[in-house]
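*Asks:* Numbering-wise, our numbering comes out as the position in the sequence shown, counting from 1, plus 2.
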Amino acid sequence: DNRAVAISEYAKFLKRQQKTLEAAALLKQELATAPAMSISAERSGRDLAFEFSDILNPNELSYWKWLGNRPRWEYIEERLLWRLLENASENQREQVFRQAEDLCKGADPTRCKSLGWIFNRLHHPARSIPLLKDAMMRGSGELARSSAFTLFECYLDTENWKEAEVLFPIASSQLTSQEQPVWFSRIAVIAARSGNLADAMRLWKKVINLDLSCTSGLKELASLGLQVELKQLYREIQKELPDSSYPQKSLKQLMGDR
3 DNRAVAISEY AKFLKRQQKT LEAAALLKQE LATAPAMSIS AERSGRDLAF
53 EFSDILNPNE LSYWKWLGNR PRWEYIEERL LWRLLENASE NQREQVFRQA
103 EDLCKGADPT RCKSLGWIFN RLHHPARSIP LLKDAMMRGS GELARSSAFT
153 LFECYLDTEN WKEAEVLFPI ASSQLTSQEQ PVWFSRIAVI AARSGNLADA
203 MRLWKKVINL DLSCTSGLKE LASLGLQVEL KQLYREIQKE LPDSSYPQKS
253 LKQLMGDR
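1. In chain order, which continuous runs of the alpha helix (DSSP H) of length 4 or greater are located wholly inside the region 143 to 202?
2. Report the rounded CA-to-CA distance for C101 versus K30, giving the unit in angstroms.
3. When the Cα of F52 is compared with those of N61, E62, R72, R81, which residue comes out closest?
4. Does R123 get closer than 8 angstroms to chain D when you measure Cβ to Cβ?
5. Do S116 and E144 have their beta-carbon atoms positioned less than 8 angstroms apart in this structure?
6. L28: which of L214, L220, S40, D49 sits nearest, CA to CA?
7. What number of angstroms, rounded off, separates the C-alpha of L153 from the C-alpha of L134?
8. Can you tell me the Cβ-Cβ gap for L220 and Q182, rounded? I've got them flagged as a contact below 8 angstroms.
9. Mapping DSSP to helix, strand and coil, what is W75?
10. Applying the criterion that 16 or more other CB atoms from any shown protein chain within 10 Å of the CB defines a buried residue, is R113 buried or exposed?
11. So, with DSSP's three-state summary, where would you put L243?
12. Kindly indicate which residue of R129, R140, L177 has the alpha-carbon position closest to the one of Y271.
13. Looking only at C-alpha atoms, which of T160, N162, D159, P171 sits nearest to A150?
14. For A38 and D159, what's the separation of their Cα atoms in angstroms?
15. With C-beta atoms as the reference, is S148 less than 8 angstroms away from Q176?
16. Can you tell me which of the three DSSP states M39 falls into?
17. So, using beta-carbon positions, are G70 and L124 closer together than 8 angstroms?
18. Indicate whether A137 and G108 have their beta-carbon atoms separated by less than 8 angstroms.
19. Between A34, E155, S46, T35, which lies nearest to Y12 when the distance is taken from Cα to Cα?
20. From this set, S196, P249, E167, S218, which residue's C-alpha is nearest K233's C-alpha?
21. Beta carbon of W66, beta carbon of I120: below 8 angstroms?
22. Taking 7 angstroms as the limit between beta carbons, can you name the residues of its chain near R5, skipping five residues before and five after?
23. Grab me the residues of R260's own chain with a C-beta within less than 7 angstroms of its C-beta, minus the 5 sequence neighbours each way, in chain order.
24. Assign Y77 to buried or exposed, taking buried as 16 or more other Cβ atoms, counted over all protein chains shown, within 10 Å of its Cβ.
Written out as structure tokens, the structure reads:
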């Protein structure tokens, strides 16, 4: 699209000439006046999100109008919205967050997925949860799987180990076989932190069923009151699998590598 290329290149030229505000104004003008689905508006949104992210003003109505007129939110919309929310001052944040949430109500599930992911990355996992649940339930395919994994992260971040355990079979589709036991071990550790030691041991047995060599979180579990139980578990495994070196390695960790 010739118009999109011309505006983008001219904005970059202005930026190189130290005319950053003038360049951003050019892009904002295109975003505000061109049809939301046009190539030139989309490219202007991308350039603003990537080239001018540090000066994006969350009170600028043209950004919100453009986001509201884009039925699906994908990478460009997500990046622009992320920077708007990130740039909001402490006093602006609640209003801006609500403004973003309002754009998700009854809209395409890609909006809920994007905003849920952004809230999580901005360290507001509890606020992400209803958005990601909605995206997972109404979405399908990769959208549902991606939403489920971010929702799983939010449950870990909020130390809701029970919901994390329930969701893991779906969320784990986004992980490799090497990653799965490491992530599942976090559920066991959170359960132990909350005082549910029996559940933590039950969960840890699932970890070693996934990968006997996994020791991620092992020392923390021991420090939380499970050292005796873990030693006993690995001694039993050692008897059952005398040719495996992994139980002995785990026992060494539990005994402080002595």
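A virtual CB, placed ideally from N, CA and C, is assigned to each residue, including glycine.
These numbers were taken from a predicted model, which means no experiment stands behind them.
*Replies:* According to the structure shown:
1. 143 to 159, 163 to 173, 181 to 195
2. The count along the sequence shown starts at 1 and reaches residue 101 at position 99. The count along the sequence shown starts at 1 and reaches residue 30 at position 28. It is worth fixing the name first, because residue 101 is Gln in this sequence and not Cys. The straight-line gap from Cα to Cα measures roughly 19 angstroms.
3. As a position in the sequence shown, residue 52 is number 50, starting the count at 1. With distances taken between Cα atoms, F52 lies closest to R81.
4. Of the protein chains in the structure, only one exists, and it is not chain D.
5. Within the sequence shown, numbered from 1, the residue matching residue 144 stands at position 142. Within the sequence shown, numbered from 1, the residue matching residue 116 stands at position 114. Judged by beta-carbon spacing, S116 lies beyond the 8 angstroms limit of E144, meaning their Cβ atoms are not closer than that value.
6. As a first step, residue 28 is located in the sequence shown; it is residue number 26 there, counting from the start. It is D49.
7. Residue 153 sits at position 151 when you count from the first residue of the sequence shown. Residue 134 sits at position 132 when you count from the first residue of the sequence shown. Their Cα atoms are separated by approximately 6 angstroms.
8. Here the question's residue 220 lines up with position 218 in the sequence shown. Here the question's residue 182 lines up with position 180 in the sequence shown. About 16 angstroms; that fails the 8 angstroms criterion.
9. For the purposes of this step, residue 75 is taken as the residue at position 73 of the sequence shown. Reduced to three states, the DSSP call for W75 is coil.
10. On the sequence shown, position 111 is the one that residue 113 refers to. Counting C-beta atoms within 10 angstroms of its own C-beta, R113 has 16 or more neighbours from the protein chains shown and is therefore classed as buried.
11. Walking along the sequence shown from the start, residue 243 turns up at place 241. L243: coil per DSSP, three-state reduction.
12. Outside the shown range of the chain, which is 3 to 260, sits residue 271, and nothing can be said about it.
13. As a first step, residue 150 is located in the sequence shown; it is residue number 148 there, counting from the start. The shortest Cα separation from A150 among T160, N162, D159, P171 belongs to P171.
14. Walking along the sequence shown from the start, residue 38 turns up at place 36. Walking along the sequence shown from the start, residue 159 turns up at place 157. Whole-angstrom Cα-Cα distance: 36 angstroms.
15. Counted from its first residue, the sequence shown places residue 148 at position 146. Counted from its first residue, the sequence shown places residue 176 at position 174. Contact flag set, yes.
16. Residue mapping note: residue 39 aligns to position 37 of the sequence shown, counting from 1. In this structure, M39 counts as coil in the three-state DSSP scheme.
17. On the sequence shown, residue 70 is found 68 positions in, with the first residue counted as 1. On the sequence shown, residue 124 is found 122 positions in, with the first residue counted as 1. In this structure, L124 does not lie closer than 8 angstroms to G70 by Cβ.
18. Stepping through the sequence shown from its first residue, residue 137 is reached at position 135. Stepping through the sequence shown from its first residue, residue 108 is reached at position 106. No. Outside cutoff.
19. Position 10 of the sequence shown, counted from the first residue, corresponds to residue 12. Looking at the Cα atoms, S46 is the closest of the given residues.
20. Here residue 233 is taken as the residue at index 231 of the sequence shown, counted from 1. The residue with the shortest Cα to Cα distance from K233 is P249.
21. Locating residue 66 in the sequence shown gives position 64, where the first residue counts as 1. Locating residue 120 in the sequence shown gives position 118, where the first residue counts as 1. Contact flag unset, no.
22. Stepping through the sequence shown from its first residue, residue 5 is reached at position 3. Once the five neighbours on either side are set aside, the close Cβ partners of R5 are S42.
23. Start at 1 with the first residue of the sequence shown, and residue 260 comes out as number 258. Bear in mind that a pLDDT of 45 at R260, under 50, signals an unreliable position, so the number given afterwards is only what the model happens to contain. In the same chain as R260, and ignoring 5 residues on each side of it, no C-beta atom comes closer than 7 angstroms to its own.
24. For the purposes of this step, residue 77 is identified with residue 75 of the sequence shown, where counting begins at 1. Label assigned to Y77: exposed.
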